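**Q** For reference, the structure I am asking about is given below.
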Amino acid sequence: MSLIPAALSDTATFQNLLSLTLMSTVDVLVTEALLRLIPSSKLRSLTVNFSTPFSEIAHKEHIQKLVNTVSTFHQLTDLDLSTFQALSTQVDAPAWDLANLAKLHSLRDLTIMIPGFTWSRDVLHDVISTSWPNLERLHLSLQPVNPPIDILGDYAVFFPKLTSLEAPFDASLPPTSLIPAGRSTKVVALTVDDCPISKDSWPRVAAYIAVVYPNACMYEIEDEAEDEAAQCWNEVAAMVPVMVDVAKAERTLLHEGRIDVRPVF
Numbered sequence: 001m002s003l004i005p006a007a008l009s010d011t012a013t014f015q016n017l018l019s020l021t022l023m024s025t026v027d028v029l030v031t032e033a034l035l036r037l038i039p040s041s042k043l044r045s046l047t048v049n050f051s052t053p054f055s056e057i058a059h060k061e062h063i064q065k066l067v068n069t070v071s072t073f074h075q076l077t078d079l080d081l082s083t084f085q086a087l088s089t090q091v092d093a094p095a096w097d098l099a100n101l102a103k104l105h106s107l108r109d110l111t112i113m114i115p116g117f118t119w120s121r122d123v124l125h126d127v128i129s130t131s132w133p134n135l136e137r138l139h140l141s142l143q144p145v146n147p148p149i150d151i152l153g154d155y156a157v158f159f160p161k162l163t164s165l166e167a168p169f170d171a172s173l174p175p176t177s178l179i180p181a182g183r184s185t186k187v188v189a190l191t192v193d194d195c196p197i198s199k200d201s202w203p204r205v206a207a208y209i210a211v212v213y214p215n216a217c218m219y220e221i222e223d224e225a226e227d228e229a230a231q232c233w234n235e236v237a238a239m240v241p242v243m244v245d246v247a248k249a250e251r252t253l254l255h256e257g258r259i260d261v262r263p264v265f
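The opening position of the sequence shown corresponds to residue 1 in the UniProt record's numbering, with each subsequent residue numbered one higher.
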């Protein structure tokens, strides 16, 4: 028995479709069956938004089947997979693998706000790597264990065109090294509201961001409840441009020979 009404079952119905938005979707399998009717060579933009938490409407194999079908649309530039009721963590969500999304080499805007996937430095290095060279905007949901702040340097390497980043990382511990994997001079909007941070780590976090994204744009977080993390991030936002200016001044003085860098014994 087909999951799709007969009126929509003819693939010719969608042969020229360039953009598709499905809102308040409740059935993963019906959604996947509909997507299989769409020619994979033309679709450029796809938004699928579920109205119920995935933990209630789908099994692991259902979600994986959906993601695998999405990965056949090789011309996609914009992809948004999300749910109105995203879980704060993914503990109750069926796990799925985003590896096949690495086939979408034309992506510029990616949002994944459905729980169950794993995002880490290992996944970025070993699975995604250079698959999304044109990515400009990345928006990911919280992880049970968020990657360390060092992943920002990896983003600069693998996503050199990035201009907007909302992908939680853990800044409660300082970076393992103040020399990042990469650096980008792009103006990047960093959203850090959901990123853990501490009073002990924020100075080094600010220094790290100043090196990786010297033109980072970080908006002040409202601190109505005297939230320590919000206070720390506001300190970081204020300190990053200061550190960038100091570094520029040091380089200028060094270039002009007005700084003696020889060791003093």
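Even glycine gets a Cβ: it sits at the ideal position worked out from N, Cα and C. Remember, it's a predicted structure, so these values are computed and weren't measured experimentally.
Return the chain-ordered list of same chain residues with a C-beta closer than 6 Å to the C-beta of residue 128, the five sequence neighbours on each side being excluded.
**A** Stepping through the sequence shown from its first residue, residue 128 is reached at position 128. If we look at residue 128 and ignore the five residues flanking it on each side, its Cβ neighbours are 102.
**Q** Could you pull out every unbroken beta strand (DSSP E) segment of at least 3 residues lying fully inside the stretch 22-65, listed in chain order?
**A** Those beta strand (DSSP E) runs which fall completely within the stretch 22-65 and span 3+ residues are 45-50.
**Q** Kindly give me the distance between the Cβ atoms of residue 31 and residue 20, rounded to whole angstroms, as I take these residues to be in contact under 8 Å.
**A** Here the question's residue 31 lines up with position 31 in the sequence shown. Here the question's residue 20 lines up with position 20 in the sequence shown. With 8 Å as the limit, residue 31 and residue 20 do not qualify as a contact, their Cβ atoms being about 11 Å apart.
**Q** Enumerate in chain order the residues of its own chain whose CB-to-CB distance from residue 209 is below 6 Å, with the five nearest sequence positions on each side excluded.
**A** Here residue 209 refers to the residue found at position 209 when the sequence shown is read from its first residue. The answer, listed in chain order, is 216 and 240.
**Q** Check whether the Cβ atoms of residue 201 and residue 177 lie closer than 8 Å to each other.
**A** Within the sequence shown, residue 201 is the residue found at index 201, counting from 1. Within the sequence shown, residue 177 is the residue found at index 177, counting from 1. Going by C-beta atoms, residue 201 is not nearer than 8 Å to residue 177.
**Q** Please report the straight-line C-alpha distance between residue 49 and residue 80, rounded to a whole angstrom.
**A** As a working note, residue 49 is residue 49 in the sequence shown. As a working note, residue 80 is residue 80 in the sequence shown. Computed Cα separation, rounded: 8 Å.
**Q** With 16 as the cutoff for other CB atoms within 10 Å, does residue 51 come out buried or exposed?
**A** Locating residue 51 in the sequence shown gives position 51, counting from the first residue. Exposed, because fewer than 16 other Cβ atoms sit within 10 Å of the Cβ of residue 51.
**Q** Of all the options 104, 33, 197 and 175, which has the alpha carbon lying nearest to the alpha carbon of residue 78?
**A** Along the sequence shown, one-based indexing puts residue 78 at 78. Comparing Cα positions, the closest option is 104.
**Q** Around the C-beta of residue 179, are 16 or more other C-beta atoms found within 10 angstroms, so that it is buried, or is it exposed?
**A** Within the sequence shown, numbered from 1, the residue matching residue 179 stands at position 179. Classification of residue 179: exposed, given that the 10 Å Cβ count is below 16.
**Q** Exposed or buried, which one is residue 219 when buried takes at least 16 other CB atoms within 10 Å?
**A** Sequence index remark: in the sequence shown, residue 219 carries index 219 (1-based). Flag for residue 219 reads exposed.
**Q** Find the nearest neighbour of residue 148 within the set 196, 135 and 117, judged by alpha-carbon distance.
**A** As a working mapping, residue 148 is identified with position 148 in the sequence shown. Per the Cα distances, 196.
**Q** Under the DSSP definition of a beta bridge, which residues are partnered with residue 112?
**A** Your numbering for residue 112 matches position 112 in the sequence shown. Answer is 81 and 140, bridged to residue 112.
**Q** Locate the beta strand (DSSP E) running through residue 165, then write down its first and last residues.
**A** Position 165 of the sequence shown, counted from the first residue, corresponds to residue 165. 164-166 is the span of the beta strand (DSSP E), which, as asked, contains residue 165.
**Q** Residue 234 to residue 125, Cα distance in whole Å?
**A** Counting from 1 along the sequence shown, the entry for residue 234 is found at position 234. Counting from 1 along the sequence shown, the entry for residue 125 is found at position 125. Residue 234 and residue 125: Cα-Cα distance of roughly 30 Å.
**Q** Which residues in the same chain have their Cβ closer than 6 Å to the Cβ of residue 175, if we skip the five residues on either side of it in sequence?
**A** Position 175 of the sequence shown, counted from the first residue, corresponds to residue 175. Answer for residue 175: 149, 150 and 208, listed in chain order.
**Q** Looking only at its own chain, which residues have a Cβ that is under 6 Å from the Cβ of residue 47, when we skip the five neighbours before and after it?
**A** As a position in the sequence shown, residue 47 is number 47, starting the count at 1. Only 21 and 80 meet the Cβ criterion.
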